[in-house]
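Colleague: One structure, pasted below without further comment.
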């Protein structure tokens with residue numbers, strides 16, 4: 022389920038100055054409260070005691086370990102010896118960002134005093150501390166440098182790292198469900214659960230269709246009615262389109278999809294799942310085939326609530342969707358569809374799961390007599406992403422045993438899409454021929470699925486890759 026990250030602001034200074042300059046401690050100590058205003062409400066933020074001696078650094082480190090903190094913004098309030106930062110590097114294996122926010126745009130050179138310089142010496146220790154992290158064998162800390170008047174720059178930079186930490190925290194103590202098996206023949210779908218755990222630190226929990234069937238049996242008529250009510254409020258139920266595979270949505274279709282949506286809810290809750298990758302083919306219209314064919318509405322509702330589900334048992338794309346969600350892009354399950362040379366765009370979408378929280382307008386439900394390439398029939402979800410900037414994120418597993426993120430940005434433009442009960446977003450890559458982009462994307466070696474999100478989130482993805490020590494290719 023969703024973990025709310027805990028971030029600490031750790032203000033640091035030099036005790037010797039405070040013995041020499043009356044009032045300096047009080048002036049520097051309040052910088053942390055001013056810095057707090059730059060954070061979004063999506064994380065819990067605490068301010069620790071002021072660290073001006075090594076003894077206090079050890080005390081604060083022990084406190085942060087007890088709080089299981091997820092990230093640290095180390096606020097350098099004046100010059101300080103690097104020995105005060107070293108305990109955080111040595112004992113806390115969490116992202117740590119060095120902050121140097123100078124109160125003045127520039128010193129009043131005619132009237133500048135030593136006191137005034139010390140108040141504005143926020144970056145003085147930054148090279149020393151960064152160099153010591155390197156000597157200690159720790160990850161080089163990112164640095165944010167600004168004058169206090171550059172509010173939007175500070176807010177942007179802080180929130181990039183805040184969102185990256187939130188995405189990292191989403192994998193912490195997380196359980197990724199794995200239901201069924203990968204789609205036959207899709208070699209790019211297979212993921213080693215141990216390698217996944219080594220990189221993302223999450224557990225991959227193997228689930229069975231018989232468990233889902235048990236939950237489906239426990240669903241009551243009242244639960245079905247409530248879920249149908251939610252579905253009818255959320256979606257626009259459409260008559261057949263020009264596609265001969267489409268049909269009328271009947272009450273029994275809604276009832277079966279609602280039952281399976283309730284069963285999915287129960288499976289997620291009972292197993293404390295953060296995300297789920299699933300696929301089950303089935304044969305001859307048996308129960309498991311009919312269950313698997315009726316999951317699109319349920320997995321769409323869960324994905325839209327921040328619990329991503331990935332079809333065809335693509336565990337890597339479930340991770341990509343989780344990242345995209347936590348950095349603020351939403352994240353919908355997608356792949357490349359036909360391109361449009363005339364419109365210089367490519368359709369990007371899938372037959373499910375989807376994220377209706379980022380749809381352009383009310384999403385549509387269509388009854389499909391058959392799912393292309395899959396068993397069974399049922400209800401599909403159709404929409405495009407909101408118009409504006411979008412981000413594509415795919416994850417693949419390399420021969421060297423490392424995962425690689427592949428990312429790109431583009432524009433979701435308004436326009437016609439096929440009425441086939443699938444999502445399709447018209448994606449334009451500015452100042453680029455669409456066929457050239459497709460070639461570059463494929464040459465980057467992605468899996469064929471991706472997480473499609475709204476907004477340009479390359480800065481957050483770069484930050485996430487850095488703090489996770491994961492390879493990244495920007496297309």
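Residue numbers (the working numbering): 22 to 496.
No residue lacks a Cβ here, since even glycine has one placed at the ideal position from N, Cα and C.
(1) Whole angstroms are fine: how far does the CA of residue 202 sit from the CA of residue 233?
(2) Go to residue 361, then tell me how far its beta strand (DSSP E) extends in each direction, as first and last residue.
(3) Could you say which of 386, 108 and 341 lies nearest to residue 81 if we only look at CA atoms?
(4) Keeping to the same chain, check which residues put their C-beta closer than 6 Å to that of residue 79; ignore five residues upstream and five downstream.
(5) Sort out for me which residues DSSP pairs residue 224 with in a bridge.
(6) Along the chain, where does the beta strand (DSSP E) that runs through residue 114 open and close?
(7) Can the beta-carbon of residue 432 be found less than 8 Å from the beta-carbon of residue 318?
(8) Give, in chain order, every unbroken run of the beta strand (DSSP E) that is at least 3 residues long and sits entirely within the stretch 282-349.
(9) Can you name, in chain order, every residue of its own chain whose Cβ lies under 7 Å from the Cβ of residue 359, other than the five neighbours on each side?
(10) To the nearest angstrom, report how far apart residue 351 and residue 376 are at their CA atoms.
(11) Do residue 361 and residue 443 have their C-beta atoms closer together than 8 Å?
(12) Looking only at its own chain, which residues have a Cβ that is under 6 Å from the Cβ of residue 458, when we skip the five neighbours before and after it?
(13) Where DSSP assigns a beta bridge to residue 388, which residues make up the other side?
(14) With DSSP run on the structure shown, which of helix, strand or coil describes residue 495?
(15) Return the residue from the list 298, 181 and 157 that minimises the CA-CA distance to residue 477.
(16) To which residues of the same chain is residue 186 closer than 6 Å at the C-beta, ignoring the five residues directly before and after it?
(17) Give the DSSP bridge partners of residue 434, in chain order.
(18) Taking residue 257 as the reference, which of 142, 388, 167 and 159 has the closest Cα?
(19) Check this for me: beta carbons of residue 398 and residue 314, under 8 Å apart or not?
(20) With DSSP as the reference, please indicate the residues paired to residue 31 in a beta bridge.
(21) Spatial neighbours of residue 112 within its chain, please: CB distance less than 6 Å, with the 5 preceding and 5 following residues excluded, ordered by chain position.
(22) Keeping to the same chain, check which residues put their C-beta closer than 8 Å to that of residue 339; ignore five residues upstream and five downstream.
(23) Could you name the residues that DSSP lists as bridge partners for residue 425?
Modeller: With the given structure in hand:
(1) 14 Å
(2) 353-361
(3) 108
(4) 108
(5) 196
(6) No beta strand (DSSP E) contains residue 114, which DSSP labels as neither H nor E.
(7) no
(8) 296-300
(9) 368
(10) 7 Å
(11) no
(12) 450
(13) 268 and 400
(14) strand
(15) 181
(16) 26, 91, 92 and 116
(17) 447
(18) 388
(19) yes
(20) 95
(21) 82
(22) 197, 296, 297, 298, 329, 330 and 331
(23) 417 and 492
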